[in-house]
Amino acid sequence: MCGRYTLKTPAPQLVEIFDVADPLQLSPRFNIAPTQLVLCVLTDGDADGPERHRYFANLRWGLIPSWSRTDSGAARMIKARSETIAEKPAFRSAFRQRRCLIPADGFFEWEKRSDGSRQPWYLQLQDQSVFAMAGIWEIWHPHRSDSMSANRSGAALSSHTVASDLLLRPQDSAPPAAHSTAGTNPFVWSCAVLTTTANSDVEALHQRMPVILPVELWDTWLNPDSDAGRLLEVLQPLPAGSLFRHRVTRAMGTPSFTGPECVQPLPEQTAAPRSETTSSTAIETANKDPARGSRGRRRGHHPDARQRSLFDD
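In this note's numbering, the protein residues as written are 11 to 323.
Dropping the structure here:
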């Protein structure tokens, strides 16, 4: 399962766009993959206080419910369907109380070919600007999951609640700072991207797409006191024509392939995805992109046969 997106926008712009006071040290990322640490925007402050503040944090991409006994299923829980998020035990508590923004400036989707291969396409907003995917987050402790079992019913859980329940100081359960990559914190902060029905820009490639929130809804989404019913109403696809796309190298299907070549357009671009009736000769020609070369393969086995979409359900 290879869900991928990018975040190559310079750090100073991210600080300004997301109105976060934190200093941010961030390198461009051209191939963000599941289970990696990803940049998220969260809020802090007392629920009854007059003001909340946004901050950046690194969360593991792949949600681990607080009541889960292991983290083994995290790689499969990188996304959550918006239509059922208020009902699914793994997601409903986080949806009600623990929402985040996941900054991105593009995402990848795979076109299914008639020969069994999958051709990746890179999708961006028309102005190539950064956007915010709707996300949810959780806090998990490998040795304390039993004490969280009550939250399967959807009980509210915050970072302060976790610290209190486990008799730990709040700072002990804090998420990793956006500039850090490792530490001794026993808590695992994880997240998932919400998905919705694909608009016409994406549907030729896949039936699902990420929920991309307009700027005017960011505060509402981040506020844990927002009405859940109202939030469900805003989890909609972008209007048609909001995105454009181009084919990219199939080498980016490997998570370790992380350079800017991941997003470079392939030569001889087509205006739309090739249909499944495209001739085998044309497919072979298109697949010989510069980053991969023209290596042979075993009969009946395509190197991309197991490639899956970020939004496969």
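For every residue, glycine included, the Cβ atom is placed at its ideal position computed from N, Cα and C.
Original post:
On the three-state DSSP scale, how would you describe residue 214?
Top reply: coil
Original post:
Helix, strand or coil for residue 51 per DSSP?
Top reply: strand
Original post:
Just curious, the beta strand (DSSP E) that residue 385 is in, first and last residue?
Top reply: The structure shown does not extend to residue 385, since the chain is modelled only from 11 to 323, so the question has no answer here.
**OP:** Taking only the alpha-carbon atoms, compute the straight-line gap between residue 150 and residue 277 and give it to the nearest angstrom.
**Re:** 45 Å
**OP:** Go ahead and pull the three-state DSSP assignment for residue 143.
**Re:** strand
**OP:** From the DSSP output, read off the bridge partner residues of residue 222.
**Re:** 143
Subject >> For residue 250 and residue 291, the rounded distance between their alpha carbons >> reply: Residue placement at residue 291 is flagged as unreliable, the pLDDT there being 36, under the threshold of 50; the coordinate-derived value follows with that caveat. Roughly 32 Å between the two C-alpha positions.
Subject >> Test item: CB-CB of residue 65 and residue 256 under 8 Å >> reply: no
Subject >> Proximity of residue 130 and residue 196 at Cβ, strictly below 8 Å >> reply: no
**OP:** Give the secondary structure of residue 136 by DSSP, where H, G and I count as helix, E and B as strand, and everything else as coil.
**Re:** coil
Subject >> Touch test, the segment 65-75 against the segment 207-215, Cβ-Cβ under 8 Å, three pairs minimum >> reply: no
Subject >> Identity of the residue in 106, 125, 143, 267 nearest residue 234 by Cα >> reply: 106
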